[in-house]
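So the number in the numbering used here is just where the residue sits in the sequence shown, counting from 1, plus 44.
Just so you know, even glycine gets a beta-carbon here, dropped at the ideal spot from N, CA and C.
Model, not experiment: these values are computed from the prediction.
Report on the structure given below.
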Amino acid sequence: KFRITNSHDQIIHGVIAGFAGGIAESVFAYTTKMLNFTDRIFMDYGEVLILGQHKGGLLLGLIAHLVNASFFGIIFSYIMKFGKKKYYVLKGIGLGLIIWLFSLGMATLFKLPLFEKIESNVGYVLFIGSIIYGSVMSSIYRYLDKKLQNDLGTLEGFR
């Protein structure tokens, strides 16, 4: 079957998919924060990583979060490159949950402000956000992958 023939396409698809997943997760998370369901979200985690503490740097937190989300989109693209091209969304959700567990584990281990001790509602919001991230990221990646396959198939007809 078709595979992404150019590693540049693979990386770009991963970045686009990861960025889109990060945006979707950020919209969900920021909405829950504004509705007072939680007081901490992954954007805050990004802010703490950049500034060392929670200083109200929402834009910096968002940028750090989206860069991180894009990086994990690239990781996902390599998972899909070397694995079977099936179950995109399930694999994306799995990656999202691994990110959730790893992020909170590292925050606890390194005693990052805001994330050292979290309430269950914060954990649930981050959990759901990670599922949203994985679902959107993998769906966008699947769309881009299938579009490339169709484009390559169309080009094959002209040869």
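CB of residue i within 9 Å of CB of residue j, strictly
i      : j      : result
Gly105 : Met87  : yes
Ile94  : Leu141 : no
Ala61  : Ser147 : no
Ile107 : Gly127 : no
Gly101 : Leu139 : no
Val92  : Leu153 : no
Contacts around residue i, its chain only, beta-carbon distance under 8 Å, and the 5 residues preceding and following it disregarded
i      : result
Phe63  : Leu110, Ala113, Ser114 and Gly117
Ile172 : Phe72
Lys130 : none
Inter-residue spacing [alpha-carbon to alpha-carbon] between residue i and residue j
i      : j      : result
Ala73  : Ile67  : 10 Å
Phe81  : Glu163 : 11 Å
Val180 : Asn194 : 21 Å
Asp189 : Tyr122 : 12 Å
Ile137 : Arg84  : 21 Å
Val169 : Gln54  : 30 Å
Leu199 : Lys191 : Per-residue confidence for Leu199 stands at a pLDDT of 48, beneath the threshold of 50, marking its modelled position as unreliable; no derived number is given.
Ile184 : Phe120 : 11 Å
Glu160 : Lys99  : 17 Å
Leu158 : Thr76  : 17 Å
Leu103 : Ile56  : 23 Å
Met124 : Gly58  : 10 Å
Leu134 : Ala151 : 26 Å
Ile143 : Gly149 : 10 Å
Leu145 : Gly65  : 17 Å
Cut-off 7 Å between Cβ atoms - residues of its own chain near residue i, not counting five sequence neighbours on either side
i      : result
Arg186 : Tyr132
Ser70  : Met87, Leu106 and His109
Sequence-distant residues of the same chain with beta carbon closer than 6 Å to residue i, five excluded per side
i      : result
Val166 : Thr82 and Arg84
- prompt: Which full runs of the beta strand (DSSP E) of 3+ residues lie inside the stretch 49-73, going along the chain?
  reply: Taken in chain order, no unbroken stretch of beta strand (DSSP E) lies wholly in the stretch 49-73 with a span of 3 residues or more.
field: Minimum length 4: unbroken alpha helix (DSSP H) runs contained in the stretch 90-161
entry: Every alpha helix (DSSP H) of 4 residues or more that sits fully in the stretch 90-161 is shown, in chain order, as 102-126 and 132-153.
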